[in-house]
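Asks: Residue numbers (our numbering): 49 to 1932.
Yeah, the Cβ is synthetic: ideal placement off N, Cα and C, and Gly gets one too.
Before we start, here is the structure in question, set down as structure tokens.
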């Protein structure tokens, strides 16, 4: 049903089928005036839409219930303002209802419950501004809003993500529409069309370009013609010559085009064809302000400085009239020179020769020069002239190759032809300007047509076209302030397209209703056919315009008057009130007023014939061809008709016209109407798909939405009409399953017992919705009227709300009860404590009262006692003082008497002492004089000794020696001081004795001599006293000198210690610097090593891609050969996926062009000449790749060697620096050390050589004597070990001797140097050997002893001639060391045993503690609990024992299986042996019967070689490779074919037959390739040959004779090595083949898993009841969806991976390769899941995050269970894990934003923002992510340098590594089963 109202006009009636009960609903929804509210919708808080002059529609909610008959509504707007909305009571005009928030932001507008204009506008606005989604479905229409910003949603990864997907499964996208068209073309075998329309600047051209890019990528050509690249290359050319800048768009298409992309039966692109419509020629000569001419003019001016364009005489665009009228000649962000280069490249790609390109550019430049020709008016005003020296006219004529004089003449004159004669008439200035502009427009139009024709020729193909997809990029409905002929034609075309759109929409609606078996009836609806008839019918607007053009004096005013007279009564035609030259046409979208001025001139498109004739006579062929008559030209679309489909005859858009004269030339309007009719015929014969482009604002601001402009375009492009059509019937449609899952909460419990979901849905709806007209039950779906889904959502929300209230009520009641109980318990506790407190207070009071009484009693008693004690003490004191006074008086008297006695005593003693002191002083003076003399002599000797060189040398021995010597000297001086003091005391004692003797002698002498000698004695005493004083003074001087010298020595010691400390600090600093340098150098070396590893990994990846490309080319060759054989057959059509085989865009490298590959037929002819076998195996490419790999390996080894050398040099430097810093030896010592070391090493080397030779001779003699014994190897090894240990001990001793010798030599050198130089203590600042003190004398003695020892031991004959004592001594030392090592080993074993026993004791202790704890716990429990606890403990114990037993059983089962396999093998061997014995017996019997005597050969051991004849090679390859089934080798040794092939190769090597080896390996490789090609989708076969190829490669390495591969071989395996041939090159070929097989294996596995991933990871409910279902729109019932359930669960994916793992393990594939396989598969699972998550709004929810987390954990558990967690597969899933966490995190506060940024490190900024934009709540209780929060995330992630790619490349393949894995089997142990039919192989 369709109703079209515009004002008060009506349209003609047409009939279509539609439901009976939709007529009333149609009227209400289409008019948008009457809206009936249900009872529930009249209540308060109901949200509605009301008109608004600024925002078109505003949201409000009722603040008061509405009752029928009310004249107004009380509303509250979103800004909290109150408003009264008036209602017309008669018409009952109510506002539109607003949808629930859960439905806002839907992908499909038809999924909205309330379908009307404000709902559509609001949904588009929310998606565009908040989620940045520019695409939205509206039924069958894709609404595309221009973002005015580059978005990363059009890459190759996005194309592959949409390829093969149903249209409703992914988010809306232009690629989804293209995929839908491609899929319907392949499935229905019907041509398709994509109609892209919209205003200028809405993005039509870009949308069409992306659609063509999708077809070029998905349906790439099967040959090397690169037709898809040519199709894409046509876009820049057409944009350059047909697009221009307007006020609304910087790249506006000023023409319409329809591109047909042709496909063959396999749906590959084979060609294309383009039709153009209504080029805006007037833009060539006129542009409005802020507009530009066509881009090609400005591009050519920007490239005018190039050398090849010098002859064009061009300058900047501002200098030309035709390019400067819009004033601004530049576009911001556009480089015209760069675009011009792209245009030239596109011309070249399309096959336009360079000469033709130059001619095209000359023609374009001539148009610019023509616009600058100066025309001068004459005085009479009726004639004009052009200056002959006009340089622009000269350039124009030169560039076009025409005569200057003729062109100058006919630009200003015209020819009039009558019946009798011909006149030449001058023209006025305006006429000349018009004629010049007409000529310029005509030249450009002809050039435009020639370029389009040439593009069509380039895109044409001779192959038969099976079907096509057309892309129509045509102008949308336009209305300006001044509308002319162009706008009229554009709107006429949109009227036709709208009519086609209406009929198609009704057709789809009918199909849907008929499919669901809903009753229909005939009703009437309105159509826009009357408006179309007004324009194109007989005597319509176009007919009258053509008629007026034929009138000689016809004018625009006369034509307008005829329109008034003819169509004034038409409802679609109106006359303006204030104008007689304009008219109004009421179009489907709006009224448009057209100004008739210029209509006739533009319709005629008149160009003077004389000017055209001049151009025809051009000397340039291209210019002359442009202006030939129509009979000489070939239509642009004739070529395309050959390849059109047989189902429909597509006629040309520009039909060939008959030869006619000027008067009968067809007008522009007639041509456009004809081409439009042909276009409509084409579209009606195809299945259309609609893309409506919307321009969000006129300012070209990114993501800015103007509601007014949007509504205008929605009304004009048919989106609202689609909504009205849907709203007229049953717009909301639900599958029974989805409806049941969504609204099961509304189902009663007793109804859930029914298993029929349809019956449950029927009963629920009948009970909830009383009006049966509001819904219909279809075959698979339920159909609802508009608003019913919202009503059901309200009921569901109310149900949830009631349940929530019930839960809240119960929880709150429980909380209140808990709170009350807590308060009650608290109150009782408080009361108890308060009463206790009061009781305690009373008791305290009583105690205090009693205590106070006690204190008073005690205080009073104490006060009385203190008073008594004061009186008592005073009495005693008085008595004491009195008695003391009398005693002191008596004491003073006694004291005075005692003092007098003491004074007398002291006076007498002083007199005696005075005499004694005089005598003693005289004796001391004599002694001092004598000692002073001795001291002077000793001091003189000391000074002489101090000045000697020997003393200086001792001082300079070393820092430590000096310090020690000084310390010793100080000690000696102290000792000397002590001895001197002792001597002094002795002298004093002797002096006193002598004095007494002298006194006695003096007394005697006096007595004898008398008084005569007293004088002489006194003189002697005086002299002695004088000498004693001098001795005292000299002694003081010596003591001062001694103390001074001692202080100096201490000061010097302190200085030396400080110097030593400084040297130590410097040493530490140097050590730290050396360590830092070592660390830096090691870090640099590690970084270089990582870089080299990374480069090696990249090189390996590139090499594997080359191998992949080679296999792809080889596959292409095979496919071409097959196609040539079956080219005449007609295979059935099928849809090839975008990644169908390695022939497609599977490789990361571009495909080889035509020039590289050559023509297909030539290649096939060469193949036939050469031969199939040689062509199938082109060894040259392999050898080149091998050479490259070897070079890379050599470079890697060189770099590794350089790195090791560098590390060694660095370590040596570090060691040298450390040795320098630690030892700091001077140069002489180093020289001495080196010389001594050299001598020592030479002598020791000679000695060791002699010992070694003697020892080897003795061992050899012993071995020859005891050859039969088994102990000789052990004794030999023992002696060798002893010799090694002796050598090590000798090295240690030599190092010690050398160090000692060095110190001795350095000491001698210092001694010699000290004798010849003056002493200078402060001369040396560094003290070598400061940390070691060695006595010089001891060192010298040791040195002499060592020299004597060496001289004695130089000849072992000194001890024993045979050296037996030395050997015995060495042997004893080694025996002692061996015993010591054994003792240490035994002690270690003992310690380990003790540790193990201790661990067991600890474990037993822990277990005992646990049992004690459990026992204590059980004692505290009740008896019942004790029993239950004991049962639980027993169950857990039994469970653990059961698990252990299960593991044991599994091990036993594995062993049993192995033994069974071995038993089968042995049984087969026994059977074969019995058969052989039976055969031998039968032969023996036959021989006995024949009585023939034969000589039997002696049996020999099998050597692991198989012999075959050359003619049996093909049979060997067929039985062992081509026809072999993997199941046939199930019970044999894994990789048996590889072992058999190697044994054959080994025999060929044994007999030295290189041709046989080459032939066998080549045949094997070709046979494997043939098998893999035949079984290119068989995982088991591919895995089987991957394992065998790898095993054959390992065998060639293991038995190659290379020591690097033989480290793990046994002696028997080393006997099986190749002897004659080096098969390194074939190893490389096998490695390349393994890479190809691995890639095929991954491709097969991905092909199996990829269809299961999205369903299993995102859609299937792993956790039941977690996810909800939201309303879906029209796209979920898309025609692209196939009936049937294709859903998979995660268990299916795991089962499939289990099967992969089992197959690979059973076939013996290397574990390292298995790990890499699953790492690749898990990456693919991660990429596909994440890409779908990023492109689907319906799965971005919290529940999906929970499902993902669960599914990923299941996959991780599977990896751990298969021991595959080391493969790195979990790391590849990290982006998906973080995406799942992102869906579950809070998204409100800045802290949440920081948490998200810190967590999502593996996701790019675009991916995080995309997920947040897509996040969709599943119910109204969950909040959406705000725009402010997303902006916060973007601000925090600005510093990240993330790639611009949104999606992951799920085709990315990690480079594979094949580690060397040698086999433990020997060739002679391998048994060949009989069922392999290899009897022709002979065991050697």
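Compute the beta-carbon to beta-carbon distance between residue 739 and residue 192, rounded to the nearest angstrom, for a pair I have assumed lies under 8 angstroms.
Replies: Right, their Cβ atoms sit about 6 angstroms apart.
Asks: Could you name each continuous beta strand (DSSP E) segment of 3 residues or more that falls completely within the stretch 1427-1515, going from the start of the chain to the end?
Replies: none
Asks: Assuming contact is defined by CB atoms lying nearer than 8 angstroms, are residue 1766 and residue 1803 in contact in what I supplied?
Replies: No. Outside cutoff.
Asks: Are the beta-carbon atoms of residue 480 and residue 459 separated by less than 8 angstroms?
Replies: yes
Asks: Relative to the C-alpha of residue 1833, which candidate in 1858, 1809, 1793 has its C-alpha closest?
Replies: 1793
Asks: Using only CA atoms, which one of 504, 1039, 1922 lies nearest to residue 1521?
Replies: Taking only the C-alpha atoms, the option nearest residue 1521 is 1922.
Asks: Can at least three beta-carbon pairs, one atom from the stretch 637-646 and one from the stretch 434-449, be found at a separation below 8 angstroms?
Replies: no
Asks: Rounded to the nearest angstrom, how far is the Cβ of residue 1644 from that of residue 1686, given a contact under 8 angstroms?
Replies: That pair is no contact at about 18 angstroms.
Asks: Smallest Cα separation from residue 477: which of 423, 676, 380?
Replies: 423
Asks: How is residue 1813 classed by DSSP in three states: helix, strand or coil?
Replies: helix
Asks: Candidates 1706, 402, 1737, 1910: which alpha carbon is nearest residue 1828's?
Replies: 1706
Asks: Could you check what DSSP says for residue 1143 in three-state terms: helix, strand or coil?
Replies: The three-state reading of DSSP puts residue 1143 in helix, counting H, G and I together.
Asks: Quickly, what does DSSP pair residue 13 with across the bridge? List them, please.
Replies: Any question about residue 13 goes unanswered here, given that the chain covers just 49 to 1932.
Asks: Would you identify the three-state DSSP class for residue 714, choosing helix, strand or coil?
Replies: coil
Asks: Tell me the start and end of each unbroken beta strand (DSSP E) in the stretch 911-975 that is at least 3 residues and wholly inside, in chain order.
Replies: none
Asks: Going along the chain, which residues of its own chain have a beta-carbon closer than 8 angstroms to the beta-carbon of residue 1913, five neighbours each way excluded?
Replies: 1581, 1587
Asks: On the DSSP bridge list, what partners appear for residue 244?
Replies: Looking at the DSSP output, residue 244 sits in a beta bridge with 521, 739.
Asks: Going by the CB atoms, is the gap between residue 827 and residue 564 shorter than 8 angstroms?
Replies: yes
Asks: Kindly confirm or deny that the stretch 614-623 and the stretch 509-524 touch, where touching means at least three C-beta pairs closer than 8 angstroms.
Replies: By the Cβ criterion, the stretch 614-623 is not in contact with the stretch 509-524, since fewer than three pairs of Cβ atoms, one from each stretch, lie closer than 8 angstroms.
Asks: Any chance the CB of residue 116 is under 7 angstroms from a heavy atom of the ligand SAH?
Replies: The ligand SAH is not among the ligands present in this structure, which contains no ligands whatsoever.
Asks: Mind checking if residue 1927 is an interface residue toward chain C, Cβ cutoff 8 angstroms exclusive?
Replies: Included in the structure is just one protein chain, with no chain C present.
Asks: Excluding the 5 residues preceding and the 5 following residue 98 in the sequence, name in chain order all residues of the same chain whose CB lies nearer than 6 angstroms to its CB.
Replies: 106, 108, 133, 143
Asks: So what does residue 291 bridge to, in DSSP terms?
Replies: 301
Asks: Looking at the secondary structure, which residues open and close the alpha helix (DSSP H) in which residue 387 lies?
Replies: Its alpha helix (DSSP H) spans residues 384-397.
Asks: I'd like to know whether the C-beta atoms of residue 1627 and residue 1692 end up nearer to each other than 8 angstroms.
Replies: yes
Asks: So is residue 1963 buried or exposed if we call it buried at 16+ other beta carbons inside 10 Å?
Replies: The requested residue 1963 does not occur in the structure, where the chain is confined to residues 49 to 1932.
Asks: Where residue 1440 and residue 1654 are concerned, what is the direct C-alpha to C-alpha distance, given to the nearest angstrom?
Replies: Answer to the nearest angstrom: the Cα atoms are 36 angstroms apart.
Asks: Let me check one thing: in DSSP terms, what residues is residue 322 bridge-paired to?
Replies: 307
Asks: Is the Cβ-Cβ distance between residue 241 and residue 755 less than 8 angstroms?
Replies: no
Asks: For residue 173, which residues from the same chain have a beta carbon less than 8 angstroms from its beta carbon, with the 5 sequence-adjacent residues on both sides left out?
Replies: 753, 755, 758
Asks: Suppose the cutoff is 6 angstroms on Cβ atoms and the five residues either side in sequence are ignored; what does the same chain contact list for residue 765 look like?
Replies: 740
Asks: Alpha helix (DSSP H) containing residue 1595: first to last residue?
Replies: 1584-1598
Asks: Excluding the 5 residues preceding and the 5 following residue 593 in the sequence, name in chain order all residues of the same chain whose CB lies nearer than 8 angstroms to its CB.
Replies: 607, 647, 648, 651, 715, 717
Asks: Quick check: what's the CA-CA separation for residue 768 versus residue 380?
Replies: 35 angstroms
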